[in-house]
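Chemist: Each number in our numbering comes from the position in the sequence shown (counting from 1) with 1083 added on. Cβ coordinates follow ideal geometry from the N, Cα and C atoms, glycine included. First the structure, which I've put down as structure tokens, then a few questions once you've had a look.
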Amino acid sequence: MIMERRISENGNYVFGGADTVELAKEYGTPLYVVSEEIIKKKCKEIRENFLFKYKDVKAAYASKAFLNLAICKIIEREGLYLDVVSEGELYTAICADYPMEKIFFHGNNKSRCELELAISKDVGRIVVDNLYELEMVNDIGRKMKKKPKILYRITPGVESETHKYVVTGQRDSKFGIPLEKDIIFKALKLGMEYENVEVLGFHFHVGSQIFDNTSHVMATHRVMDLIREAKDTLGFITRELNTGGGYGIFYTEGDREKPISYFTDAIVEKVIEKCKEFDLPLPTIIIEPGRWIIGEAGITLYTIGSIKEIPGIRTYASVDGGMPDNPRPALYGSKYQALIANKADRDADKVVTIAGKCCETGDILIWDLKVPELESGDILAVLNTGAYNYSMANNYNKIPRPAVVLVNEGYCEEIVEREKYEDLISRYRIPNHLK
Ligand code: LLP
């Protein structure tokens, strides 16, 4: 969905009620800007089309897409659960006082230390990825005299149409327990026998930035067959089914974003159909989108610096950020739309390539972007950068991470401070013999 583009009287791009050129002046660039209103709009859409529509369903926000204390607070108020995937994400949620019973703890190689923290805090669900982890969870549970509630992550064995780095449901995947009977039933039997875990059901996640619901439906179909067999062979009654996230959003033409119900209705209908067919009780159905909630809620502002025209070839316009604040184009060839924030009312009749400032040829944010006549000092707004930009940002070339500003009609506040050079070297130590 393309958000309506608002322009101020002086021709500046307005996002979340804030003049982006003013934001760039006040907070500096590069700058992540996040709209609270858009996050809330997305959560409302989830409530109206999923949570209020069906009985016994839950929605979690996949926090890996974008996580900090303020976001935890917004997501909690919106009534969503939280998916975390590491001790760092869990720690952030703890510091934000996120209700621990509303946490799903994922990860294909959780350490003992991470699991100990999660179990000591009574997180809602641990999504167990493998037998090694199952043993550890049971052992920690025994030592702490607790009985963590767990789901098994399964590999449904389905392919999805998306970038190969973000497909996860195929058989050849590092995630989850394979559906081979001798493996999955062994795991289930063990989990049922262990005294310090309570197995509630299953989880799958087929991949990210997916536009077609076929792989979600296919995976649901497979897991429902498993649920039936688990009941028939082991008497195991599945109480929960977490169907992951992965719903695609609009970045550029060709991205066919769908309403959330396109995915959720299809998943729920498949579960209901199979429960009727197999005479099974309906499990609680959970979804956990990340990108779909936060992607469109973020933009990144940059200042244009050098402009280099190579006659007959192309014009490069370089910005003051790049692959450190947005590694996605370099990593996945991701495409973005952008506009010149201080010339938002002008015709875009020139073509430039937006380069980052890193010492690396691959540090190109956008190839062949249509822009108005460009000058150094112009402000570039790259759209829909809310998901997996800040969360994947790094300090390559010792470039500090940008600040994050939260905007809402008439309100703006920094929710993440810009990193300082002192932060970058604060953990460096000089050994005595070099002093
Ligand atoms: N649940 C699980 C278990 C996941 O692994 C993920 C994403 C999600 C939910 C949320 O997926 P989403 O709704 O955001 O697509 N860095 C990549 C995306 C990696 C996604 C990893 N897992 C990118 O920038 O495209």
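Classify D1506 as buried or exposed, calling it buried when 16 or more other Cβ atoms lie within 10 Å of its own Cβ.
Modeler: By the neighbour-count rule (16 or more Cβ atoms within 10 Å), D1506 is not buried but exposed.
Chemist: Quick one: which unbroken beta strand (DSSP E) runs of 3-plus residues sit fully inside the segment 1368-1399? Chain order, please.
Modeler: For the segment 1368-1399, whole beta strand (DSSP E) runs of length 3 or above, ordered along the chain, are 1381-1393.
Chemist: Using a Cβ-Cβ cutoff of less than 6 Å, which residues in the same chain neighbour Q1420 once the five nearest sequence positions on both sides are dropped?
Modeler: Correct list, in chain order: T1335 and L1466.
Chemist: Quick one: grab the DSSP three-state call for D1308.
Modeler: Of the three classes helix, strand and coil, the one that applies to D1308 here is helix, per DSSP.
Chemist: So, is D1212 buried or exposed, given that buried needs 16 or more other C-beta atoms within 10 angstroms?
Modeler: Classification for D1212: buried.
Chemist: Check whether the Cβ atoms of M1307 and K1269 sit closer than 9 Å, and answer yes or no.
Modeler: Not a contact, by the Cβ cut-off of 9 Å.
Chemist: Excluding five sequence neighbours on each side, which residues of the same chain lie with their C-beta closer than 6 Å to the C-beta of P1372?
Modeler: G1328 and Y1330, listed in sequence order.
Chemist: For L1271, name the three-state secondary structure that DSSP assigns.
Modeler: Three-state DSSP puts L1271 in a helix.
Chemist: At a threshold of 8 Å, does P1342 count as lining the ligand LLP (C-beta to nearest heavy atom)?
Modeler: Every heavy atom of the ligand LLP is 8 Å or more from the Cβ of P1342, so no.
Chemist: Helix, strand or coil: which one does DSSP assign to F1133?
Modeler: Looking at F1133 - three-state DSSP - the assignment turns out to be helix.
Chemist: Could you pull out every residue in the same chain whose Cβ sits closer than 7 Å to the Cβ of K1185, ignoring the five residues on either side in sequence?
Modeler: For K1185, where only same-chain residues beyond five positions count, the Cβ hits under 7 Å are Y1164, L1165 and G1207.
Chemist: Is it right to say S1203 is buried, meaning 16 or more other beta carbons lie within 10 angstroms of its own, or is it exposed?
Modeler: The residue in question, S1203, is exposed, as its Cβ has fewer than 16 Cβ neighbours within 10 Å.
Chemist: Spell out a yes or no on whether the segment 1176-1196 and the segment 1138-1154 are touching, meaning 3 or more CB-CB pairs, one atom from each, closer than 8 Å.
Modeler: The segment 1176-1196, when compared against the segment 1138-1154, does touch it at the 8 Å Cβ threshold.
Chemist: Using the rule of at least 16 other Cβ atoms within 10 Å of the residue's Cβ for burial, across every protein chain shown, is L1173 buried or exposed?
Modeler: Per the 10 Å Cβ criterion, buried.
Chemist: List, from N- to C-terminal side, the alpha helix (DSSP H) runs of 4 residues or more that fit wholly inside the segment 1442-1481.
Modeler: Listed in chain order, nothing qualifies, since the segment 1442-1481 has no complete alpha helix (DSSP H) run of 4 or more residues.
Chemist: Going along the chain, which residues of its own chain have a beta-carbon closer than 6 Å to the beta-carbon of Y1137, five neighbours each way excluded?
Modeler: Same-chain partners within the cutoff: V1351.
Chemist: DSSP on P1514, reduced to helix/strand/coil?
Modeler: DSSP places P1514 in coil when its eight states are reduced to three.
Chemist: Less than 8 Å between the CB atoms is what I'm expecting for P1407 and K1426, so what's the real figure, rounded?
Modeler: Contact flag wrong, Cβ pair sits at about 26 Å.
Chemist: Indicate, with yes or no, if the ligand LLP has a heavy atom lying under 8 Å from the CB of G1318.
Modeler: Not so, every heavy atom of the ligand LLP lies at least 8 Å from the Cβ.
Chemist: Tell me the residue span of the alpha helix (DSSP H) that contains L1173.
Modeler: Counting along the chain, the alpha helix (DSSP H) containing L1173 begins and ends at E1170 to C1178.
Chemist: Taking the alpha carbon of I1129 as the point to measure from, which residue in L1234, E1105, F1346 and K1314 has its own alpha carbon closest?
Modeler: Nearest of L1234, E1105, F1346 and K1314 to I1129, Cα basis: F1346.
Chemist: Checking 9 Å against the spacing of the C-beta atoms, do I1449 and T1436 come in under that value?
Modeler: Their beta carbons are under 9 Å apart, which means I1449 touches T1436 by this criterion.
Chemist: Leaving out five residues on either side along the sequence, give the residues of the same chain with a beta carbon under 8 Å from the beta carbon of N1296.
Modeler: Answer for N1296: K1341, Y1345, F1346, A1349 and I1350, listed in chain order.
Chemist: Figure out for me which residue from I1369, S1091 and N1093 has the closest Cα to the Cα of N1325.
Modeler: It is I1369 whose Cα lies nearest to the Cα of N1325.
Chemist: With DSSP collapsed to three states, give me the class of N1221.
Modeler: In the structure shown, N1221 sits in a helix (DSSP, three-state: H, G or I).
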